[in-house]
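Data block below; observations after.
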Amino acid sequence: MGHTDLQGFSYALKEVEQLPRKPRRGCAYPGCLMYAEEGSSYCLEHKKAEAKRYETYSRDPSVRRKYGRAWKRIRDSYVREHPFCEQCFERGILVPVDEVHHKVPISKGGTHERSNLMSLCRSCHNKIHLEMGDRQIRD
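For the sequence shown, the residue numbers in the UniProt record's numbering are 1 to 139.
Shown next as structure tokens:
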């Protein structure tokens, strides 16, 4: 086996490593023949359309008002000031924040005031809501 044979083998190995691990799915949008984006049920074109449809028809309008652009700015600002999970930090563990939690939920009269917010990792956030018994845990 010569030097050139090994080069061909390593090239072929790189090609195999780039192959997808499982077959791609078709877009879930009715009548679309394109492939879905990885990690999504829709192709790139219909992914945006589906997100807009979801926002328009599926989300509760009162929730949309409470968690709009202003909330995103408040949340981003809070995360910059509190970049680690506050509960893990108390135990001496540095875990990056995944979610900003309302101590008193908006649905129960809570506000977006900083005193009502808490930076949490997904695990701690799920634990709090599980203890409160008010929703299922998220993935």
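Yeah, the Cβ is synthetic: ideal placement off N, Cα and C, and Gly gets one too.
- Taking Leu94 as the centre and dropping the five residues before and after it, the same chain places the C-beta of Phe84 and Cys88 closer than 8 Å to its C-beta, in chain order.
- Proximity to Glu113 across Gly68, Gly92, Glu81 and Ile74 peaks at Ile74, based on C-alpha coordinates.
- Membership of His46 in any beta strand (DSSP E) is not indicated; the residue belongs instead to the alpha helix (DSSP H) covering Leu44 to Arg53.
- Between the beta-carbon of Tyr29 and that of Glu50 there is about 7 Å, and that keeps the pair under the 8 Å contact cut.
- Contact between His102 and Gly109 does not hold, since their C-beta atoms are separated by about 10 Å, which reaches or exceeds 8 Å.
- Counted as a single uninterrupted DSSP element, the stretch harbouring Val95 is not any alpha helix (DSSP H), since DSSP gives it neither H nor E.
- Around the CB of Tyr54, fewer than 16 other CB atoms lie within 10 Å, so the residue is classed as exposed.
- Positions of the beta strand (DSSP E) runs, each at least 3 residues long and wholly inside the UniProt domain "HNH nuclease" (73-126), are given as 99-102 and 117-120 in order along the chain.
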